[in-house]
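Participant:
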Amino acid sequence: MNPKIDKVGFSLRIDDLPDHYIHKQDVITWESQFWRKKLSNGFYSAPIDTTFAMHRPGGGHINANSLRSAPPYLARHLPWYYDLSKPSAEIDYYNKNADQLISNWNNENLPASVKAVLVKLRAENIAREQKI
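Note that the numbering used here numbers the sequence shown so that position 51 is 328, with each residue one more than the last.
Next comes the structure, spelled out in structure tokens:
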């Protein structure tokens, strides 16, 4: 048990996202940042927000001191697999009523804050590739 870790959860699978998902490339860019700091114990040092995770008792909602599991212990974020052009009644209702500050990836348009981070991540990825 590491007293510096507040939360442990799954990494999210991104290698099998369907082509019909309109934010596929954005999700891959976003989630790839969490696959960079692999530790020797089968985890990645990476923040976890609303993904399923175990929290340290009394720790509150802390994202920074977190670990994500390495394969084969991955989870699928199911909304990334839905065809948003053909939503079921349940998904349509959810998308219309969900808090847009929490549910970013389920609508056609991403929030400006997410778009800004994606621009930064893409620039970092280009710089990283140029160093190779």
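Glycine is no exception: its CB is placed at the ideal position from the N, C-alpha and C atoms.
Take F287 as the anchor and find which of F320, L387 and D303 has the nearest alpha-carbon.
Facilitator: Indexing the sequence shown from 1 puts residue 287 at position 10. The shortest C-alpha separation from F287 is found at F320.
Participant: Do you know whose CA, among A389, T306, N402 and A366, lies nearest L289's CA?
Facilitator: Residue mapping note: residue 289 aligns to position 12 of the sequence shown, counting from 1. The candidate whose alpha carbon is nearest that of L289 is T306.
Participant: Compute the Euclidean distance between the alpha carbons of D326 and E308, then round it to the nearest angstrom.
Facilitator: On the sequence shown, position 49 is the one that residue 326 refers to. On the sequence shown, position 31 is the one that residue 308 refers to. Distance between the alpha carbons of D326 and E308 is about 12 angstroms.
Participant: With a Cβ-Cβ cutoff of 7 angstroms, do K284 and S343 count as a contact?
Facilitator: As a working mapping, residue 284 is identified with position 7 in the sequence shown. As a working mapping, residue 343 is identified with position 66 in the sequence shown. In this structure, S343 lies closer than 7 angstroms to K284 by Cβ.
Participant: Let me know the secondary structure DSSP gives P356 once reduced to three states.
Facilitator: Locating residue 356 in the sequence shown gives position 79, counting from the first residue. Reduced to three states, the DSSP call for P356 is helix.
Participant: State the start and end residues of the unbroken beta strand (DSSP E) segment that holds S365.
Facilitator: One-based indexing of the sequence shown puts residue 365 at position 88. Taken as a continuous stretch (DSSP letters only), S365 belongs to no beta strand (DSSP E), as it is neither H nor E.
Participant: Do you know how far the Cα of Q377 is from the Cα of P388?
Facilitator: As a position in the sequence shown, residue 388 is number 111, starting the count at 1. As a position in the sequence shown, residue 377 is number 100, starting the count at 1. Near 8 angstroms, if we compare the C-alpha coordinates of Q377 and P388.
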